[in-house]
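**Q** Residue numbers (my numbering), protein chains in the order written: chain A, 2 to 222; chain B, 2 to 222; chain C, -2 to 241; chain D, -2 to 241.
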Amino acid sequence: MKLSPAQMAWRAAQDITDGAYVNLGIGFPEMVAKFQPPGREAIFHTENGILGFGEAPPAGAEDWDLINAGKKAVTLKPGTAFFHHADSFAMVRGGHLDVAILGAYEVAETGDLANWSTGPKGVPAVGGAMDLVHGARRVAVMTDHVTKDGKPKLLERCTLPLTGVGCVTRVYSSHAVIDIVGGRFVLREKLPSLSHDALQSMTGAVLHLDGPVADLVVPDL
Amino acid sequence: MKLSPAQMAWRAAQDITDGAYVNLGIGFPEMVAKFQPPGREAIFHTENGILGFGEAPPAGAEDWDLINAGKKAVTLKPGTAFFHHADSFAMVRGGHLDVAILGAYEVAETGDLANWSTGPKGVPAVGGAMDLVHGARRVAVMTDHVTKDGKPKLLERCTLPLTGVGCVTRVYSSHAVIDIVGGRFVLREKLPSLSHDALQSMTGAVLHLDGPVADLVVPDL
Amino acid sequence: MDKTLPDLATAVAGIRDDMTVMIGGFGGSGAPIELIHALIDRFVATGHPRGLTVVNNNAGNGHVGLAALIEAGMVAKLICSFPRSADPVVFTERYLAGKIELELVPQGTLAERIRAGGAGIPAFYTPTSYGTDLAKGKPVEVFEGRAYVQERWLKADCALIKAHLGDRLGNLTYRMAARNFNPLMCMAAATTIVQVSRIVAPGEIDPEAVITPGIFVQGVVEVPDPAQEEDLNRAGARYPLVAA
Amino acid sequence: MDKTLPDLATAVAGIRDDMTVMIGGFGGSGAPIELIHALIDRFVATGHPRGLTVVNNNAGNGHVGLAALIEAGMVAKLICSFPRSADPVVFTERYLAGKIELELVPQGTLAERIRAGGAGIPAFYTPTSYGTDLAKGKPVEVFEGRAYVQERWLKADCALIKAHLGDRLGNLTYRMAARNFNPLMCMAAATTIVQVSRIVAPGEIDPEAVITPGIFVQGVVEVPDPAQEEDLNRAGARYPLVAA
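#1: Of all Cβ atoms in chain D, is any one closer than 7 angstroms to the Cβ of T18/B?
#2: Kindly list, in the order they appear in chain C, the residues whose Cβ is closer than 9 angstroms to that of H86/A.
#3: Kindly say whether S194/C, judged by its beta-carbon, lies nearer than 7 angstroms to any beta-carbon of chain B.
#4: Which ranges does the alpha helix (DSSP H) cover as unbroken runs of at least 4 residues, wholly within the segment 87 to 120 of chain C, from first to last along the chain?
#5: Can you find the residues in the same chain that come closer than 7 angstroms, C-beta to C-beta, to A240/D, ignoring five residues on each side of it along the sequence?
#6: Below 8 angstroms on the Cβ atoms is my guess for N58/C versus G25/C; work out the distance and round it to an integer in Å.
#7: Have a look at the DSSP bridge pairing and note the partners of K154/A.
#8: Can you name, in chain order, every residue of its own chain whose Cβ lies under 8 angstroms from the Cβ of E98/D, other than the five neighbours on each side?
#9: When Cβ atoms are compared, which residues of the segment 117 to 132 of chain C fall closer than 7 angstroms to chain D?
#10: When burial is assigned at 16 or more other CB atoms within 10 Å of the CB, is T81/A buried or exposed?
#11: Is there a C-beta anywhere in chain A that falls below 7 angstroms from the one on P103/C?
#12: Could you list the residues in the segment 157 to 183 of chain D with a C-beta less than 7 angstroms from some C-beta on chain A, going in chain order?
#13: Using beta carbons (cut-off 7 angstroms, strictly below), is V207/C in contact with chain A?
#14: Under 9 angstroms between beta-carbons, which chain C residues line up against E219/D? List them in chain order, please.
#15: Using DSSP's beta-bridge definition, name the partner residues of K191/B.
#16: Compute the Euclidean distance between the alpha carbons of A246/C and P59/B, then round it to the nearest angstrom.
#17: Drop a sphere of 10 angstroms on the beta-carbon of R324/D, count the other beta-carbons inside from all chains shown, and report buried for 16 or more, exposed for fewer.
#18: Counting contacts by CB-CB distance shorter than 7 angstroms, is Y92/D in contact with chain A?
#19: Any idea what DSSP makes of G205/A, helix, strand or coil?
#20: Are L222/B and F186/B close, meaning C-beta to C-beta below 7 angstroms?
#21: So, is the C-beta of E42/A closer than 7 angstroms to a C-beta in chain C?
#22: For the segment 125 to 145 of chain B, which residues have a CB atom closer than 7 angstroms to at least one CB atom of chain D, in sequence order?
#23: In the DSSP assignment, find the unbroken alpha helix (DSSP H) run with E226/D in it and report its ends.
#24: Taking buried to mean at least 16 other C-beta atoms within 10 Å of its own C-beta, is S196/A buried or exposed?
#25: Here's the rule: buried if 16 or more other CB atoms are within 10 angstroms of the residue's CB, otherwise exposed. What is R231/C?
#26: Report back the beta-carbon spacing between Y236/D and I37/D to the nearest angstrom; my notes put them in contact at under 8 angstroms.
#27: May I ask you to report which of helix, strand or coil DSSP gives N53/C?
#28: Are R139/A and V100/A closer than 7 angstroms when you measure CB to CB?
#29: So with CB distances below 7 angstroms, who are the chain B contacts of P299/D?
#30: Nearest-angstrom Cα distance between I118/D and F121/C?
#31: What does H209/A touch in chain C if you count any residue whose Cβ is under 9 angstroms from its own?
#32: So C183/D is in the beta strand (DSSP E); what residue range does that whole segment cover?
#33: Whose Cβ in chain D lies nearer than 9 angstroms to the Cβ of G167/B?
#34: Which value, in whole angstroms, describes the spacing of the CA atoms of G233/D and G115/C?
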């Protein structure tokens, strides 16, 4: 048993405070926007120059000049603003975003993140990830706990090319919520059905404890 | 006999080509805009964020949100654009202006300009001059040929703090038009009533010749 | 999310002694006169804030706005490009008496340093000021055969801004050339407080027409008919109204 | 002053072999499809221009626009942040075969390098890419205890831009998120050529609403109903229409 991407996104959404400015990475992290707790209003930023956009339009109603960084159609909301790419990354690099939630190939206990290159083969693509990891006040990762081959993605040190050094502070995995504090993984929440030893065996670095570990309980989604 | 500021401005205006983007320094250079030759359309830039503004409004019709760098009221024209100060100086520093015409305390045959500080006494004020001298494609100076005390303002080397190094290429003085080429003053035009020797005696560096010297003839203004 | 503030006193309540405060405007255009006067009111009532470092293009004109802030004795240092005006007596006297520190910065460099502060760029190179007294002590580097001066970002604890329309999310428009330094300062301050002529509902500002997106703004206060420094000076105004 | 151009062929006539060409857009939004296709037409007719270095955020999608430019064999090098798309086969095949050079740049750094090119800033420092492979060989400097990478400006011989409204002076507006890199590239190219949906008289664009002031624009050509890359790709379009 593990969390689906939607469930991980739901969990990540619970930590987003009212009024936060948030950038969601391409792919699964985009789902976080759907799970804003009632009564909280986060404002979403997309690298290609929109602040405060709304959810996807119905199929057939897309305007292809109104897209997010994943090139998916979005919509206007009252208070949306457009701006160019240099202003957009001024928001990122200048520390104006409260949270960025990104995908990961690997995360190290040092906070290092690898999410842009699987090595010398293939076509490398970085997009805005390297800017986001050094810009947002809080950088979190949403990822399966292990690779499709069952290998740990949470490691002592990344083996793939880095996106950023010492930048990640929280991991929402398919099995646990883990903080990165002082160069160590600190386990905060895990699936109730999963023993600490079982989780540790799926993890490539020591999971430290700092207080009680809560049950990671999410709705069916 | 010497040219009035209006006459110097008229002469400077004759060198502004159709379609040129022009910044005029605070004070007398602002008068250049009034003397655009018929059939030519220059577009004026002011550091505080307007491109393509029009002439001064009648007294009493000023809008103090519509001013130039000298804090004088200007007007809108069809095609005016507003922008912030960083974009304004991107135009300047990025080499997008064709001409800047500035005042001077001193100009050296090296092209050095001093126009912002009369020395350690008093309050120094630089404004946009240091940006303009290294930004506009052509930097010209409009100045009396000598100080109020009769001392030369065109010198071998500036004695006052510099605004910019090697930046001026033409001087419109009250008595002559002088180019700066290869570290030398080259006389192009002088008042017909003035002998070369008389002009030389008012000038603090050698006036070289490179071809014929034209008569500096301007209308009564 | 509601960034609107009930009144001017609340708007300036967070400014403390020795802070760096950016104040928008170029001369009088875009100068947040009412916010500045509210800050003076607090100083008159409480003796604080003082020892401020103020960033503005100028140094005030006459005896209102920035000039009045300086005249009240609240400003320890001014970072500006052009401390001259029609009536610069307040700054000039204090400067010549050694009572206020001046950091003179070329205007384009000032704008770019503020933008850099807002954009997370700690340093950049500019041709401006190369070979002049204003480049003394700064690193010089040659790129493609030309020498450039390294300049550093400029940030502030607070920015006092004048805009035209604003909404509760902090989206702003400006009025003509009153834009000037205001959008840059919004980016570069930890807390940006804006006076607007009218607070409108989100969506009333066309998304294409937003000049400052709300992410750069922390507080918005409505000042329906803002004073123009130029008009006040032509009328011989002083602030506070009871002159020293 | 009249910067309007009579047709697309005239608009792209000045682009020569080995030039650096910035092409606006983020994916399909803001991509000047018609200008790109006019350039391909010229290549098909004359064999020129070729050996181009293209600056764009992406590397094309499907077989139209930038992808078609690459497929035609006109592009020697691409400077971009994200050479992936729904259908990246054109770039991917050439890249893996070593037939096209790639300079990968983080997106925010790409935007800032282009702005720096337009703003006369030869170099700046950014935290982005520090400690990664993309910082290799670049100077690093520590400011206030944090390490930053020095990045250089990026300029172009020509920019191909898509805007919404334009006037004969070159003033431009954009449509929603089609703005993206376009205003920056206008600043950074020696010659900026813009396709607009409608040419309007000067003054029809509100001076407050001008996003690119005309000083950054050299030519404007009207393309009344511009194609969207996304629509073309969903329809399986190829350019030129007679595929190789």
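From the three backbone atoms N, C-alpha and C, an ideal C-beta is built for every residue, glycine too.
All values derive from a computational prediction rather than experimental measurement.
**A** Looking at the atomic coordinates:
#1: For the purposes of this step, residue 18/B is taken as the residue at position 17 of the second sequence. No, its Cβ sits nowhere closer than 7 angstroms to a Cβ of chain D.
#2: Against the first sequence, residue 86/A aligns to sequence position 85. The contacting residues do not exist; H86/A stays about 12 angstroms from chain C at best.
#3: In the third sequence, the residue the question calls residue 194/C occupies position 197. No - not a single Cβ of chain B is within 7 angstroms of the one on S194/C.
#4: Counting whole runs of 4 or more residues, the segment 87 to 120 of chain C contains the alpha helix (DSSP H) stretches 104 to 116.
#5: As a first step, residue 240/D is located in the fourth sequence; it is residue number 243 there, counting from the start. Here the model assigns A240/D a pLDDT of 48, short of 50, so the residue's position is not dependable, and the following value carries that caveat. Here the set comprises nothing.
#6: The sequence position of residue 58/C within the third sequence is 61, counting from 1. The sequence position of residue 25/C within the third sequence is 28, counting from 1. In this structure, N58/C and G25/C form a Cβ contact; the two beta carbons are roughly 7 angstroms apart against a cut-off of 8 angstroms.
#7: Against the first sequence, residue 154/A aligns to sequence position 153. Under DSSP, K154/A shares a beta bridge with no residue.
#8: Position 101 of the fourth sequence, counted from the first residue, corresponds to residue 98/D. Around E98/D: A73, K74 and L75.
#9: The segment 117 to 132 of chain C vs chain D, Cβ under 7 angstroms: G117, I118, P119, A120, F121, Y122, T123 and P124.
#10: In the first sequence, residue 81/A corresponds to position 80, counting from 1. Its Cβ being crowded by 16 or more others within 10 Å, T81/A is buried.
#11: Counting from one through the third sequence, the residue named residue 103/C turns up at place 106. So, not an interface residue.
#12: Cβ contacts with chain A come from R172, M173, A174, A175, R176, N177, F178, P180 and L181.
#13: As a first step, residue 207/C is located in the third sequence; it is residue number 210 there, counting from the start. Output row for V207/C: interface = yes.
#14: Within the fourth sequence, residue 219/D is the residue found at index 222, counting from 1. Result: empty, since nearest Cβ-Cβ is about 20 angstroms, beyond 9 angstroms.
#15: Numbered from 1 along the second sequence, position 190 holds the residue referred to as residue 191/B. A177/B and D216/B.
#16: This structure leaves residue 246/C out entirely; chain C is present only between -2 and 241.
#17: Because chain D in this structure spans residues -2 to 241, residue 324/D falls outside the shown range and cannot be described.
#18: The residue labelled residue 92/D in the question sits at position 95 within the fourth sequence. It does; some Cβ of chain A falls within 7 angstroms.
#19: The residue labelled residue 205/A in the question sits at position 204 within the first sequence. Correct three-state label for G205/A: strand.
#20: Position 221 of the second sequence, counting from 1, holds the residue named residue 222/B. Position 185 of the second sequence, counting from 1, holds the residue named residue 186/B. Taking a C-beta distance under 7 angstroms as the contact criterion, L222/B and F186/B do not qualify as a contact pair.
#21: As a working note, residue 42/A is residue 41 in the first sequence. For E42/A, the nearest CB of chain C lies under 7 angstroms from its own CB, placing it at the interface with that chain.
#22: Under the 7 angstroms Cβ criterion, the segment 125 to 145 of chain B contributes G136.
#23: On the fourth sequence, residue 226/D is found 229 positions in, with the first residue counted as 1. It spans E226 to R231 - the alpha helix (DSSP H) in which E226/D sits, taken as one unbroken run.
#24: Looking up residue 196/A in the first sequence gives position 195. When all chains shown are included, S196/A counts as exposed.
#25: Locating residue 231/C in the third sequence gives position 234, where the first residue counts as 1. Exposed is the label assigned to R231/C, since fewer than 16 other Cβ atoms lie within 10 Å of its Cβ.
#26: As a position in the fourth sequence, residue 236/D is number 239, starting the count at 1. As a position in the fourth sequence, residue 37/D is number 40, starting the count at 1. About 6 angstroms separates the beta carbon of Y236/D from that of I37/D, a gap short enough to meet the 8 angstroms contact definition.
#27: Residue mapping note: residue 53/C aligns to position 56 of the third sequence, counting from 1. Coil, per DSSP.
#28: If you number the first sequence from 1, residue 139/A lands on position 138. If you number the first sequence from 1, residue 100/A lands on position 99. With contacts defined by Cβ atoms closer than 7 angstroms, R139/A and V100/A form a contacting pair.
#29: Shown here, chain D extends from -2 to 241; a query on residue 299/D therefore has no answer.
#30: In the fourth sequence, residue 118/D corresponds to position 121, counting from 1. In the third sequence, residue 121/C corresponds to position 124, counting from 1. Taking the CA atoms as reference points, I118/D sits about 7 angstroms from F121/C.
#31: Translated into the one-based positions of the first sequence, residue 209/A becomes position 208. Residues of chain C passing the Cβ test: none, with the nearest at roughly 32 angstroms.
#32: Position 186 of the fourth sequence, counted from the start, is the residue given in the question as residue 183/D. Per DSSP, C183/D is not a residue of any beta strand (DSSP E); the alpha helix (DSSP H) it occupies stretches across N179 to A185.
#33: If you number the second sequence from 1, residue 167/B lands on position 166. Within chain D, no C-beta atom comes less than 9 angstroms from the C-beta of G167/B; the nearest is roughly 17 angstroms away.
#34: Reading the fourth sequence from its first residue, position 236 is the one you call residue 233/D. Reading the third sequence from its first residue, position 118 is the one you call residue 115/C. So the alpha carbons of these two residues sit roughly 43 angstroms apart.
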